[in-house]
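First comes the structure, then the notes that go with it.
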Amino acid sequence: MKENLPVCHHCSKIDSVRKHGLARSGVQRYYCTSCKRTFQVRYIYLGNETNILRQVKALLDEGKSRVEISQVLGVSQGIIDRHIYLITLEEEEKIGA
97 MKENLPVCHH
107 CSKIDSVRKH
117 GLARSGVQRY
127 YCTSCKRTFQ
137 VRYIYLGNET
147 NILRQVKALL
157 DEGKSRVEIS
167 QVLGVSQGII
177 DRHIYLITLE
187 EEEKIGA
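With positions in the sequence shown counted from 1, the corresponding number in my numbering is that position plus 96.
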């Protein structure tokens, strides 16, 4: 009997996902044989959540500083800096395209 495996967070395939051990926190990890990436269904650290980029964008649009955003979201300023960098890359691609 096959258990329900999650959908890959990166390529959205269902049939390519298999278990890939446990994270240090004890949470089950998964591996996608299609895109060859690992992921977890639930993260302990909020900086790894998939919707954090959307939250950073919204808080930047509200005029919040990096420090305020990191305090509101409960993540380090380095994570906020990385997401701000990704946001600027997205905007540059939209302008160049």
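Just so it is clear, CB atoms sit at the ideal spot from N, CA and C, and this is done for glycine as well.
In this text, all values refer to a predicted model and were calculated from it rather than measured experimentally.
Shortest alpha-carbon distance to S108 belongs to which of S130, R120, S121 and K115? Indexing the sequence shown from 1 puts residue 108 at position 12. Restricting attention to S130, R120, S121 and K115, the CA atom closest to the CA of S108 is found in S130.
With distances taken Cα to Cα, identify the nearest neighbour of I176 among E186, L156, D111 and E187. Against the sequence shown, residue 176 aligns to sequence position 80. For I176, the closest of E186, L156, D111 and E187 by C-alpha to C-alpha distance is L156.
K132 by DSSP, collapsed to three states: which one? Here residue 132 refers to the residue found at position 36 when the sequence shown is read from its first residue. In the structure shown, K132 sits in coil (DSSP, three-state: anything other than H, G, I, E or B).
Could you tell me which residues DSSP puts in a beta bridge with V113? Reading the sequence shown from its first residue, position 17 is the one you call residue 113. Paired residue(s): C128.
Is it buried or exposed, V163, if we count other Cβ atoms within 10 angstroms and call 16 or more buried? By one-based count along the sequence shown, residue 163 stands at place 67. Looking at its Cβ environment, which holds fewer than 16 other Cβ atoms inside 10 Å, V163 is exposed.
Thinking just about the alpha-carbon of each residue, which of Q151, K132, I165 and L101 is nearest to the one in Q124? On the sequence shown, residue 124 is found 28 positions in, with the first residue counted as 1. Of the candidates Q151, K132, I165 and L101, the residue whose Cα lies closest to the Cα of Q124 is L101.
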